[in-house]
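**Student:** Protein chains in written order, with my numbering: chain A, 131 to 243; chain B, 49 to 160. Positions of the beta carbon are idealized from the N, C-alpha and C atoms, including for glycine.
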Amino acid sequence: DAGITQSPRHKVTETGTPVTLRCHQTENHRYMYWYRQDPGHGLRLIHYSYGVKDTDKGEVSDGYSVSRSKTEDFLLTLESATSSQTSVYFCAISESELSYEQYFGPGTRLTVT
Amino acid sequence: QKEVEQNSGPLSVPEGAIASLNCTYSDRGSQSFFWYRQYSGKSPELIMFIYSNGDKEDGRFTAQLNKASQYVSLLIRDSQPSDSATYLCAVVRSGGYQKVTFGIGTKLQVIP
């Protein structure tokens with residue numbers, strides 16, 4: 131298994147509170163991604179990173195921000211959580227620009243009440 | 049039209065049969081195609097990728113790509129109950145960094 135961990139694995143929070151999810155990899159891969167998975171929508175890309183301090187938006191980036199200060203860590207922040215952000219969040223990594231094979235972390239189940 | 053379409057299923061097949069999972073995509077410039085398996089409550093796991101027209105075999109799995117018709121399929125031979133999972137099709141579209149789009153997945157049930 132690719133060395134990817136996510137923390138926390140489960141979280142319940144209230145509307146309006148900030149939340150930060152962490153993804154940590156031990157593979158030294160350049161590319162890292164945050165997805166959310168919801169019934170009927172599949173996996174949707176929130177943000178991705180192509181290097182330290184290099185990030186870009188995905189298709190559902192509104193309400194989310196990211197940071198990557200080290201190769202191994204990619205943080206996803208919900209500035210002010212809303213109920214529509216209740217979802218399962220997956221981090222993924224891939225090795226190079228030419229390889230789109232992605233390896234996923236175990237996921238974080240976030241519930242916003 | 050969705051960029052990547054899959055029938056959500058469930059697709060039920062008896063043990064030992066061939067399961068055929070299909071995926072269509074809208075961007076003719078799409079370059080790379082992937083199949084992920086996702087067990088309930090778990091994360092997606094890459095099982096196959098294909099870049100060129102034709103068939104690619106790996107054990108009991110065969111990926112088939114037809115760019116002219118814009119579809120990609122996954123065949124699972126000698127299906128086992130352990131193959132019961134949701135299978136996600138992913139397509140790398142043209143146009144720059146990491147334009148990967150996932151389908152909603154097809155749920156496969158292998159009946160013993």
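Return the bridge partner residues of A/Q155 from the DSSP annotation.
**Tutor:** Its beta-bridge partners are A/I134.
**Student:** I'd like to know whether the C-beta of A/F220 is nearer than 8 Å to at least one C-beta of chain B.
**Tutor:** Yes, A/F220 lies at the interface with chain B (some Cβ there is under 8 Å from its Cβ).
**Student:** What does B/V120 pair with, by DSSP beta-bridge criteria?
**Tutor:** The partner list for B/V120 (beta bridge, DSSP) reads B/C71 and B/L113.
**Student:** Applying a beta-carbon distance threshold of less than 8 Å, which residues of chain A neighbour B/I152?
**Tutor:** Within 8 Å Cβ-Cβ: G170, H171 and G172.
**Student:** Count the CB pairs spanning the stretch 80-91 of chain B and the stretch 231-238 of chain A that are closer than 8 Å, and state whether there are at least three.
**Tutor:** Verdict: yes, contact present.
**Student:** Would you please state the rounded distance, in angstroms, between the beta carbons of A/T238 and A/Q136? I believe it to be under 8 Å.
**Tutor:** Yes, they are in contact, since the Cβ atoms of A/T238 and A/Q136 sit about 5 Å apart, within 8 Å.
**Student:** Indicate the three-state DSSP secondary structure (helix, strand or coil) for A/S191 in the structure shown.
**Tutor:** If DSSP states are grouped into helix, strand and coil, A/S191 belongs with coil.
**Student:** Which of the three DSSP states, helix, strand or coil, is assigned to B/P129?
**Tutor:** Helix at B/P129.
**Student:** Residues in the stretch 88-118 of chain B with C-beta within 7 Å of chain A's C-beta atoms, listed in sequence order?
**Tutor:** Taking 7 Å as the Cβ-Cβ cut-off against chain A, the residues of the stretch 88-118 of chain B that qualify are S91, P92, L94 and F97.
**Student:** Strictly below 8 Å CB to CB, what residues from chain B border A/E225?
**Tutor:** Within 8 Å Cβ-Cβ: nothing; A/E225 doesn't reach chain B, min ~12 Å.
**Student:** Would you mind telling me which residues of chain A sit closer than 7 Å to B/S80, beta carbon to beta carbon, in chain order?
**Tutor:** Result: Y230.
**Student:** What does DSSP give as the partner residues of A/H171 in its beta bridges?
**Tutor:** Beta-bridge pairing links A/H171 to no other residue.
**Student:** Strictly below 7 Å CB to CB, what residues from chain B border A/Y194?
**Tutor:** Neighbours of A/Y194 on chain B: none; closest Cβ ~16 Å, over 7 Å.
**Student:** Taking the beta carbon of B/I159 as the centre, do at least 16 other beta carbons fall within 10 Å, making it buried, or is it exposed?
**Tutor:** With fewer than 16 Cβ atoms within 10 Å of its Cβ, B/I159 is classed as exposed.
**Student:** Who are the near neighbours of A/P138 in its chain, counting only those whose CB is closer than 7 Å to its CB and skipping five residues on each side?
**Tutor:** Closer than 7 Å at the Cβ level, and outside the excluded window around A/P138, lie T238.
**Student:** Counting only Cβ pairs nearer than 7 Å, list the residues of chain A close to B/S140.
**Tutor:** It is worth fixing the name first, because residue 140 of chain B is Val in this sequence and not Ser. What B/V140 touches in chain A: Y230.
**Student:** Determine whether the Cβ of A/G133 lies closer than 8 Å to any Cβ atom of chain B.
**Tutor:** Not one chain B Cβ lies under 8 Å of A/G133.
**Student:** So the candidates are B/F150, B/R141 and B/Y135; which of them puts its Cα closest to the Cα of B/L59?
**Tutor:** Per the Cα distances, B/Y135.
**Student:** By Cβ distance, which residues of its chain are closer than 6 Å to B/A67, with the 5 residues on each side in sequence left out?
**Tutor:** Contacts found: V61, I124, S127 and L156.
**Student:** Rounded to a whole number of angstroms, what is the C-alpha to C-alpha distance between A/S217 and B/C137?
**Tutor:** The straight-line gap from Cα to Cα measures roughly 20 Å.
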